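See below for the structure under consideration.
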Amino acid sequence: MRILGLPDDIDYLGIAGLSNESREKLNRIRPQTLGQAGRIEGMTQGALTTLLFYVRNHNKRSA
5 MRILGLPDDI DYLGIAGLSN ESREKLNRIR PQTLGQAGRI EGMTQGALTT LLFYVRNHNK
65 RSA
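Just so we're aligned, residue 5 is where the sequence shown starts under my numbering, counting upward by one.
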């Protein structure tokens with residue numbers, strides 16, 4: 005399984021579609037991969053899906 009890395013400079017507080025709780029936890033913990041984000045207590049599948057789409061779109065714009 006491919007590991008999806010998360011950008012170091014990602015602005016979790018600015019990602020639309022994430023709950024405030026998810027934004028705060030991601031911003032505080034700053035996971036390096038989507039897998040690490042998924043192991044954060046209280047992180048939902050919906051939040052992970054939102055994060056996945058955000059990162060994929062971010063990577064396309066950066067390329």
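The C-beta atom is built at its ideal place from N, Cα and C for all residues, glycine as well.
All of these numbers come straight from a predicted model, not from anything done at the bench.
Per DSSP, cross-strand counterpart(s) of Thr37: Here residue 37 is taken as the residue at index 33 of the sequence shown, counted from 1. DSSP, once it has assigned bridges, lists Gly9 as partnering Thr37.
Pro11 versus Gln36 - alpha carbon distance: Working through the sequence shown from its first residue, we reach residue 11 at position 7. Working through the sequence shown from its first residue, we reach residue 36 at position 32. For Pro11 and Gln36, the distance between alpha carbons rounds to 7 Å.
Ile19 classed as buried or exposed, judged by whether at least 16 other C-beta atoms fall within 10 angstroms: For the purposes of this step, residue 19 is taken as residue 15 along the sequence shown, with counting starting at 1. Ile19 should be labelled buried.
Nearest-angstrom Cα separation, counted from Lys29 out to Gln49: Start at 1 with the first residue of the sequence shown, and residue 49 comes out as number 45. Start at 1 with the first residue of the sequence shown, and residue 29 comes out as number 25. Going by the C-alpha atoms only, they are around 15 Å apart.
Supposed contact pair Gly39 and Ile7 - C-beta distance, whole angstroms, cut 8 Å: Reading the sequence shown from its first residue, position 3 is the one you call residue 7. Reading the sequence shown from its first residue, position 35 is the one you call residue 39. Sure, about 6 Å apart at Cβ, within 8 Å.
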